[in-house]
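This report refers to the structure that appears directly beneath it.
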Amino acid sequence: MSISEQLKKEFSTFTFVLIAVAIVLNIVVGQLVSLLKLPVFLDSIGTVLVGVLAGPWAGGLAGLLTNLIWGVISSPVAAAFAPVAMVIGIAAGLCARYGLFRTWWLAIVSGVIITVFNSIVAVPIRLYMFGGITGSGADFFTAYMLALGNDLFGSVVVMVFTSNLLDKVVTALIAWGVVKAMPGRTTARFPGVRSVS
Amino acid sequence: MKGTSPGMTLFVEGRSFVHALNPLTKLAWVLLAGALAYGAPVPSSAPEARWLVCAALLALDGCLLLSAGAAPRAWGLVWRIMFPLALFMLPIHGLLYPGNRTVVWAWQGITVHREGLVFAMTVLLQVAVLLSASLLFVLCTHPADMVTAVTRAGGAPKLAFLVGSPLLMLPAMRARAATVQAAQRARGLDSEGNIFKRAKGLVPLVKPFLLGAIMDIEQRAVALEVRGFNSRSPRTAWREVADSPAQRWARRAMLAVCLGVAVYWIVVKTGLGA
Chain D
418 MSISEQLKKE FSTFTFVLIA VAIVLNIVVG QLVSLLKLPV FLDSIGTVLV GVLAGPWAGG
478 LAGLLTNLIW GVISSPVAAA FAPVAMVIGI AAGLCARYGL FRTWWLAIVS GVIITVFNSI
538 VAVPIRLYMF GGITGSGADF FTAYMLALGN DLFGSVVVMV FTSNLLDKVV TALIAWGVVK
598 AMPGRTTARF PGVRSVS
Chain A
126 MKGTSPGMTL FVEGRSFVHA LNPLTKLAWV LLAGALAYGA PVPSSAPEAR WLVCAALLAL
186 DGCLLLSAGA APRAWGLVWR IMFPLALFML PIHGLLYPGN RTVVWAWQGI TVHREGLVFA
246 MTVLLQVAVL LSASLLFVLC THPADMVTAV TRAGGAPKLA FLVGSPLLML PAMRARAATV
306 QAAQRARGLD SEGNIFKRAK GLVPLVKPFL LGAIMDIEQR AVALEVRGFN SRSPRTAWRE
366 VADSPAQRWA RRAMLAVCLG VAVYWIVVKT GLGA
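Residue numbers (my numbering), protein chains in the order written: chain D, 418 to 614; chain A, 126 to 399.
Structure follows, in structure tokens:
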């Protein structure tokens, strides 16, 4: 299948609405989860869902736009990480396409793969744009790694990977659970579902 | 987009020169300011020269924000973002930056180094430039203008839908999230126990919300298709966004400079020029 055919298949009206809803989910779910005071943000749950249901390009677009809109409504810093969000969606979509969202344990593997791609893009942004520090609690970890004598690059790589691993694995698991719980009437509308069920 | 309350976004109402600029012109400026702050050629022997570049850009952004009447809002936001950043960055790099050589201050085995502080200051200034330039865009562009500009630029009304509709959906979804929160709490959701007990609440909290939102998609999609979402005929906009030949040329020039900086940066970093 050529890329343009693939794009046409991925971007139905349904997909467009899914992306719009997913963007809102990304922004709102954090509010829901904050009640539990857990070390996860789930701020890419919508992006991962789009990746699984509608494919990598749609997932990437959902991630990219989420952070750009985030930049407009609350903090411009989020916009700087838009490429990271985009890669999360693409990685989730590719994982789903190759059948990595079929079972719960494969979903965990997907979570790890997403974290790897996430880190590859996030590390240079953190390093060159923010000097490795972004003013959050995770900075203590970077500082600790530096104090152990690691270089800045290594410290940031380890920090980004570990601080995202749990979040992305939980995100992938919940996305898997939601897709499994969706009635077939709804899932049948999306192009990516065949490789999931 | 008529129904969007400006209070939803950071937009500050106004009639200034900056407000009247085309959103794309402002976006091009964000790109240019970032490119200059991070990549403008300065002698490597004097990293402080970059501070001058950044200070000039900051001053320019400050003046524009003042003239647009958005300066108080911008000042508050810059502080809220830059202060925690500085609070972490100055000590961490001052104490631990791997390139540290020159001691500035030492007390009881704690030594602050010059290289780390210079590095941290440079990064802070660069982030401040990028932040103030993007605030210029965010504070002085009405969300509806942004959506219209996107439609006009790419001829892509569907992309404009993706930018605009989340802004409209957000308040309703936030309310729904609050309802789910309250409902599960009323059913005895444990939000105070140990981490495992709290983690148990994750699925009952998130899953109904996600499923509910996805179930809505069908209705929304049907509503859109009925209203000609897939129509190929050109759309007319209720809202007109100003543009001028001068702005179009300015945008091209700004993008050209960005490209130049990027090429210079690649040549220097990869040593192709040497």
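Yeah, the Cβ is synthetic: ideal placement off N, Cα and C, and Gly gets one too.
Discussion item. Less than 9 Å between the C-beta atoms of A:Pro-209 and D:Leu-563, yes or no?
Written reply: No, the pair does not count as a contact, with Cβ atoms beyond the cut-off.
Practice prompt. Report yes if the CB atom of A:Leu-190 is closer than 9 Å to the CB atom of A:Ser-257, and no otherwise.
Written response: Yes. Within cutoff.
Worksheet item: What does DSSP give as the partner residues of A:Val-331 in its beta bridges?
Response: BP columns for A:Val-331 are empty, so no partner.
Worksheet item: When you compare each of A:His-144, A:Val-263, A:Ala-165 and A:Leu-185 to A:Trp-390 by their alpha carbons, which one comes out closest?
Response: Of the residues A:His-144, A:Val-263, A:Ala-165 and A:Leu-185, the one whose Cα lies closest to the Cα of A:Trp-390 is A:Ala-165.
Worksheet entry | Every unbroken alpha helix (DSSP H) inside the stretch 505 to 563 of chain D [4 residues or more] | Qualifying alpha helix (DSSP H) stretches, in chain order: 521 to 541.
Worksheet item: Taking three-plus beta-carbon pairs below 8 Å as touching, is the stretch 459 to 477 of chain D in contact with the stretch 432 to 442 of chain D?
Response: Proximity of the stretch 459 to 477 of chain D to the stretch 432 to 442 of chain D meets the contact definition, three or more beta-carbon pairs being nearer than 8 Å.
Worksheet item: Taking C-beta to C-beta, are A:Thr-247 and A:Trp-363 nearer than 9 Å?
Response: No; because the gap between Cβ atoms is not below 9 Å, this pair is not in contact.
Item to complete: Just tell me which of A:Trp-232, A:Val-254, A:Ala-211 and A:Phe-142 has its CA closest to the CA of A:Tyr-163.
Response: Minimum Cα-Cα distance from A:Tyr-163 among the listed residues A:Trp-232, A:Val-254, A:Ala-211 and A:Phe-142 corresponds to A:Val-254.
Worksheet item: Should D:Gln-448 be flagged as near chain A, meaning a C-beta pair shorter than 9 Å?
Response: By this cut-off, D:Gln-448 is an interface position.
Discussion item. Using beta carbons (cut-off 9 Å, strictly below), is D:Phe-498 in contact with chain A?
Written reply: No, its Cβ sits nowhere closer than 9 Å to a Cβ of chain A.
Worksheet item: Does DSSP put A:Trp-363 in a helix, a strand or coil?
Response: Coil, per DSSP.
Worksheet item: What does A:Val-228 pair with, by DSSP beta-bridge criteria?
Response: In the DSSP output, where bridge partners are listed per residue, A:Val-228 has A:His-238.
Worksheet item: Cα separation between A:Phe-262 and A:Asp-270?
Response: Straight across, the Cα-Cα distance linking A:Phe-262 with A:Asp-270 is about 11 Å.
Item to complete: Tell me the start and end of each unbroken alpha helix (DSSP H) in the stretch 169 to 238 of chain A that is at least 4 residues and wholly inside, in chain order.
Response: If only uninterrupted alpha helix (DSSP H) runs of at least 4 residues are considered, those enclosed by the stretch 169 to 238 of chain A are 174 to 193 and 196 to 221.
Worksheet item: Any heavy atom of the ligand FMN closer than 8 Å to the CB of A:Arg-373?
Response: By its list of ligands, the structure shown contains no ligand whatsoever, and the ligand FMN lies outside what it can speak to.
Worksheet item: First and last residue of the alpha helix (DSSP H) that includes A:Thr-134?
Response: Segment: none, A:Thr-134 is in no alpha helix (DSSP H) and carries neither H nor E.
Fill in: Touching by the beta-carbon criterion (3+ pairs, under 8 Å), the stretch 330 to 350 of chain A and the stretch 589 to 603 of chain D
Flag = yes, the stretch 330 to 350 of chain A and the stretch 589 to 603 of chain D touch.
Discussion item. Distance check for A:Gln-251 and A:Ala-84, CA to CA, integer angstroms please.
Written reply: Residue 84 of chain A lies beyond the stretch modelled for chain A, which goes from 126 to 399, so this question has no answer here.
Discussion item. Could you tell me the alpha carbon to alpha carbon distance between D:Gln-448 and A:Arg-299, rounded to whole angstroms?
Written reply: Spanning the two alpha carbons is a distance of roughly 8 Å.
Practice prompt. For D:Leu-478, count neighbouring C-beta atoms within 10 Å of its own C-beta (all shown protein chains included) and say buried if the count is 16 or more, exposed if not.
Written response: Looking at its Cβ environment, which holds 16 or more other Cβ atoms inside 10 Å, D:Leu-478 is buried.
Discussion item. Determine whether the beta carbon atoms of D:Gly-549 and D:Leu-582 lie at a separation below 9 Å.
Written reply: Between D:Gly-549 and D:Leu-582, the C-beta gap is not smaller than 9 Å, which leaves the two residues out of contact.
Practice prompt. Determine the contact status of A:Pro-148 and A:Ala-274, defining contact as a CB-CB distance below 9 Å.
Written response: Yes, they are a contact pair.
Worksheet item: Exposed or buried, what is A:Leu-292 when buried is set at 16 or more other beta-carbons lying within 10 Å of its beta-carbon?
Response: Taking every protein chain shown into account, the CB of A:Leu-292 has 16 or more other CB atoms within 10 angstroms, so this residue is buried.
Fill in: Other residues of its chain near A:Gly-241: CB distance less than 6 Å, five sequence neighbours each side excluded
Non-local C-beta neighbours of A:Gly-241 in its own chain, meaning closer than 6 Å and more than five positions away in sequence, comprise His-218, Gly-219, Tyr-222 and Asn-225, ordered along the chain.
Fill in: Cβ shell of A:Pro-172 (< 7 Å), same chain only, five flanking positions each side left out
Result list for A:Pro-172: Val-243 and Thr-247, in chain order.
Practice prompt. Starting from the beta carbon of A:Asn-147, find every residue of chain D whose beta carbon is closer than 7 Å, and list them in chain order.
Written response: Under the 7 Å cutoff, chain D gives no residues; its nearest Cβ is about 16 Å from A:Asn-147.
Worksheet item: Can you list, in chain order, the residues of its chain whose CB lies under 8 Å from that of A:Trp-230, leaving out five sequence neighbours each side?
Response: The beta carbon of A:Trp-230 sits closer than 8 Å to those of Thr-236 and Val-237, all from its chain and outside the five residues before and after it, given in chain order.
Worksheet item: Would A:Pro-131 be called buried (16 or more neighbouring beta carbons within 10 Å of its own) or exposed?
Response: With a pLDDT of only 48 at A:Pro-131, under 50, the local geometry of the prediction cannot be trusted, and no value is derived from it.
Worksheet item: What in chain A is Cβ-close to D:Ile-420, meaning under 7 Å?
Response: Within chain A, no residue comes near D:Ile-420; the closest Cβ sits about 18 Å away, beyond 7 Å.
Fill in: A:Arg-310 vs D:Leu-452 beta-carbon contact at 9 Å
Yes, they are a contact pair.
Practice prompt. State the start and end residues of the unbroken alpha helix (DSSP H) segment that holds D:Ala-385.
Written response: Residue 385 of chain D is absent from the structure shown; chain D starts at 418 and stops at 614.
Discussion item. Within a Cβ cutoff of 6 Å, which residues of the same chain sit near A:Thr-134, ignoring the five residues on either side of it in sequence?
Written reply: So the list reads Pro-268, once near-sequence residues are dropped.
Discussion item. Alpha carbons only, please: which of D:Thr-603, D:Thr-559 and D:Ile-530 is nearest the one belonging to D:Val-587?
Written reply: It is D:Ile-530 whose Cα lies nearest to the Cα of D:Val-587.
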